[in-house]
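In the working numbering, the protein residues as written are 180 to 611.
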């Protein structure tokens, strides 16, 4: 019944829209189960609409109307003026971000002291350099989300400076985990820039030493957890949560890499969602909230299930954004040069393009997708524009945002809706 109500809501929203762009999107279908895990979590599926309609759109596409990179953000922000602009990037006050950053030197000191127990020479200094270069950069959304979740889930009397500091340490543990995966991901993808600076492995005196640096950063998480939480009743659950997230995320990374060996014609939305759930959604959105729930005394499995269902769905939304920005975002803003096309990644854009392409256009994808030749990459980008994917994505983002908000409002069992709304506000219509 719940799934049917959600589907009805989706149909209603699409029916209210009169623009041709909206008609290019199919209905979103939702499927929720009380025992949901990855395969039956609440998620959205976008299906290709009538092939004849797509071909008509392609034939009528005027190259003078192609959406240029500089106009993409304008498309995203003005697609539907009747929808209020989200309070993007305001979920966490600047003061909270400053306080979070102020803890990082303490994290480095703790880890320096720990490493110095075994080595007081070059290796420890190198480790500190790797930490400082890789961990505190970027937006730190995952770590800040953990602190935000703690503040919103904890009882007022429990929100003490000591407990906030513990939540901040947890947040930095997540950021360290994230940095480890970024180091590995950049090596495997052959990336050159990350967070507005050269990738760690590209530095002349680093190279493949970066692999060991990632391992050290990951291993040091266990020490921080033990130092800060070993006397807490929830300590074991924190360790188990991190261990599970590491395996799930590594599994997703494997799916992502192996999918690049597939023919682009084999890319489906089901394959894409499975990669996203494992590689991104769990540790980016579920882990920060789950850790805060453990810290604030939540033990009801149903509460964790409901949180997971929402947060995995938000992760799907986030990754579609990431895929779009990889192709159409400004490298100066997002801090890296996109590589999804050259690496042949199973991305949201590639899947939707194959759903709506003509046979001739599919041949272009087969010939050019996964090629490092700049001309082939440019041909794929041009095809995306000819298929109207920037406009389709903007509509997808808006409709997905509205549907996730509806789902959040239907959460029961005591989880504060405002927490999930704030997470959504942070990423809605982001440009990086």
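Yeah, the Cβ is synthetic: ideal placement off N, Cα and C, and Gly gets one too.
- For residue 426, the uninterrupted alpha helix (DSSP H) run begins and ends at 414–438, by DSSP.
- Looking from the CA of residue 314, the closest CA among 350, 537, 296, 467 belongs to 350.
- Residue 400 sits away from residue 474, with the two beta carbons spaced by 7 Å or more.
- Residue 458 has its alpha-carbon roughly 14 Å from the corresponding atom of residue 449.
- One alpha carbon belongs to residue 412, the other to residue 591, and they sit about 26 Å apart.
- Between residue 326 and residue 347, the C-beta gap is smaller than 7 Å, which places the two residues in contact.
- Straight-line spacing of the CA atoms in residue 540 and residue 515 works out to 28 Å.
- Beta-bridge partners assigned by DSSP to residue 485: none are found.
- Three or more pairs of CB atoms, one per stretch, sit closer than 8 Å, so the region 484–497 contacts the region 461–475.
- Residue 535 sits away from residue 562, with the two beta carbons spaced by 7 Å or more.
- For the options 494, 444, 339, 403, the alpha carbon positioned closest to that of residue 320 is the one of 494.
- With 16 or more neighbouring CB atoms inside 10 Å of its own CB, residue 408 falls in the buried class.
- Note that the region 358–370 touches the region 516–532; at least 3 beta-carbon pairs, one per stretch, sit closer than 8 Å.
- In terms of Cβ geometry, residue 528 and residue 506 form a close pair [threshold 7 Å].
- Less than 7 Å divides the Cβ of residue 309 from the Cβ of residue 392.
- DSSP, reduced to helix, strand and coil, places residue 595 outside both helices and strands of the structure shown, so it counts as coil.
- With a cutoff of 7 Å on beta-carbon distance, residue 294 and residue 279 are scored as not near each other.
- Runs of the beta strand (DSSP E) lying entirely within the region 340–422, each at least 3 residues long, are absent.
- Cβ atoms of residue 531 and residue 568 come within 8 Å of each other, at about 6 Å.
- A buried status is given to residue 460, since no fewer than 16 other beta-carbon atoms sit within 10 Å of its beta-carbon.
- Across the structure, residue 447 and residue 287 are spaced so that their CA atoms are roughly 43 Å apart.
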